[in-house]
Amino acid sequence: MEPQGDIAVIGLAVMGQNLILNMNDHGFTVVAYNRTVSKVDDFLNNEAKGTRILGAHSLQEMVALLKKPRRVMLMVKAGKAVDEFIEQLLTVLEPGDIIIDGGNSLFEDTIRRVKYVESKGLLYIGTGVSGGEEGARHGPSIMPGGSPAAWPHVKPIFQAIAAKVADGTPCCDWVGEGGAGHYVKMTHNGIEYGDMQLICEAYHIMKDGLGMSADEMHEVFKAWNEAELQSYLIEITRDILAKRDEDGAPLVDKILDTAGQKGTGKWTVISSQEMGIPITLIAEAVYSRCVSAMKDLRVQAAKVFPPGNCKIPGDRKRWIDDIRKALYASKIISYAQGYMLMRAAAQQYAWNLNYGGIALMWRGGCIIRSAFLGDIKKAFDKNPDLPNLLFDPFFKKAIKSCTRSWRKVVSTAVKKGIPVPAFSTALAFFDGFRSERLPANLLQAQRDYFGAHTYERVDKPRGEFFHTNWTGTGGRVASSTYTV
Ligand code: 2AM
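For the numbering used here, add 30 to where a residue sits in the sequence shown, where the first one is 1.
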């Protein structure tokens, strides 16, 4: 009998299982395999009961069940497990077959793996999958990159199972070569860190500054979710604030204030440092989680530096509106920074990224899905070469309409001692970005003073470098220049 399997999925943790069930719902025959083979039968006898899903108890059996070219998707722990499976798969697959990694792999690993697997005559895709367990089951955002020749073979499956926007367009398209898919997914996660931190700062000001209850904040987030901030993260925040513990008190108040992280936010910041792109908001979001994790030290510090009165006087309704605007403006900055990062990465790694397409992929299914991404898509559709989101007329107008409130919220929070690292770094970035002249003239003078690093002059063409003997005792020789 001809093999029936359209695709194999290795890794039966919840994401893998849900993707398989999703593929099955869309008419594909999936072969399921897992390192701990007993989980295959567990899955077949429970979640997969009554479906056309096939189980394999060895990689050989799995391969024999697949149509050619064989498509094998790894949904295993990022890191060593992926490399180990690639090695094993290379012994059972044939040239032309396709290995897909759907885990949260570091894009540099994916770049290496694409080259390696292609060198063996097979094709490789590293794909971001976002949307959590629910997304995987009912429609994730899928961001594939790697060997372009593999895409036509994977496209029908991925686009069928992906989330769809209102007009039916799937939140999945080809991202680019090499590690492009995982890079875009990493950036997505970084932006997700930023969005979450922004919401938390709004919540903090409302709670401590305006003295609002969880119920009152629930109403605010409910209203915000009806307008320009409409998004999955605002929606779940609304619902979290309404959730009661068994004793009837808001559950959110009982949760310890220490946040964890798995590393994709950190990777985004590391990559931005390497590329010299200021994604200050995401960086602050990552560091804010680090500060939150220092609970014991914070408890000690709170005794040494007890907080003063942080109540914010004035009309609460107006404040809430100001906070909404501060959040919206900061969010625009965060996405502008994220897009700058992707643009720099595209240049560095020679990826031809479609920025509007990326916004569309993030429009549905994933954690940062929002109405806002529809506006970003429109901006890049209008001008694919848009150098910065802030230059798009829609966003320019939006930022301008928010700046007064944004400054008011940041300055008041600072006065009251409520930490707003993301709101304030966004504003500081904005002010730096729109400054024709920054104090870096002085900085460059300092560098030339102690290190003979040279400087360019405002009254001479760019690219001409000068060195001054500042003290009269330094030498005439300048150090070689370099850029970061
Ligand atoms: P397991 O069920 O055999 O532990 C999520 O952890 C998924 O990744 C699971 O399917 C798990 O398989 C798999 N996994 C984790 N580490 C692995 C490794 N080193 N080799 C193979 N599979 C691994």
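Even for Gly, the Cβ is constructed at its ideal location relative to N, Cα and C.
These figures come from a predicted structure and were not determined experimentally.
- With fewer than 16 other beta carbons inside 10 angstroms of its own, residue 31 counts as exposed.
- Taking the Cα positions, residue 357 is about 38 Å away from residue 104.
- Within the region 303-336, the runs of alpha helix (DSSP H) that reach at least 4 residues and sit entirely inside it are, in chain order, 310-323, 325-334.
- For residue 163, the shortest C-beta to heavy atom distance toward the ligand 2AM is 6 Å or greater.
- In the three-state reduction of the DSSP assignment, residue 242 falls in the coil class, being assigned neither a helical nor a strand state.
- With contacts defined by Cβ atoms closer than 7 Å, residue 70 and residue 92 do not form a contacting pair.
- In the DSSP annotation of this structure, residue 125 is not part of any alpha helix (DSSP H), being labelled neither H nor E.
- By the Cβ-count criterion, residue 242 is buried, with 16 or more other Cβ atoms from all chains shown falling within 10 Å of its own Cβ.
- For residue 160, the three-state secondary structure derived from DSSP is strand.
- Distances from the alpha-carbon of residue 78 to those of 43, 51, 368 put 51 closest.
- In this structure, residue 111 has its CB closer than 6 Å to one or more heavy atoms of the ligand 2AM.
- As the crow flies, the alpha-carbon of residue 97 is around 32 Å from that of residue 216.
- Boundaries of the beta strand (DSSP E) around residue 171: 171-176.
- At the C-beta level, residue 299 and residue 289 stay beyond 7 Å of one another.
- Residue range 101-104 is occupied by the beta strand (DSSP E) that includes residue 101.
- No heavy atom of the ligand 2AM is found nearer than 6 Å to the CB of residue 60.
- One Cα belongs to residue 370, the other to residue 86, and the distance between them is close to 44 Å.
- Relative to the Cα of residue 46, the nearest Cα in the group 147, 163, 410, 486 belongs to 163.
- Sequence-distant Cβ neighbours of residue 56 in its own chain, meaning closer than 8 Å and more than five residues away, are 187, 190, 191.
- For residue 65, the CB falls within less than 6 Å of some heavy atom of the ligand 2AM.
- At least one heavy atom of the ligand 2AM falls within 6 Å of the beta-carbon of residue 41.
- Residue 495 and residue 508 have their C-alpha atoms roughly 9 Å apart.
- Between the ligand 2AM and residue 507, a heavy atom-to-CB distance of less than 6 Å is absent.
- Contact between the region 376-387 and the region 447-456 is absent: fewer than 3 CB-CB pairs across the two stretches fall below 8 Å.
- Distance between residue 269 and residue 245, taken at the CA atoms: about 10 Å.
- Pairing residue 284 with residue 277 gives a Cβ-Cβ distance that is not under 7 Å.
- Beyond the five residues adjoining it in sequence on each side, residue 48 comes within less than 7 Å, by CB distance, of 163, 166, 167 in the same chain, given in chain order.
- Every alpha helix (DSSP H) stretch that sits fully inside the region 442-491 and reaches 4 residues is listed by chain position as 451-463, 470-481.
- Placement of the Cβ of residue 44 at a distance of 6 Å or more from every heavy atom of the ligand 2AM is found.
- Here DSSP, grouped into helix, strand and coil, assigns residue 33 to coil.
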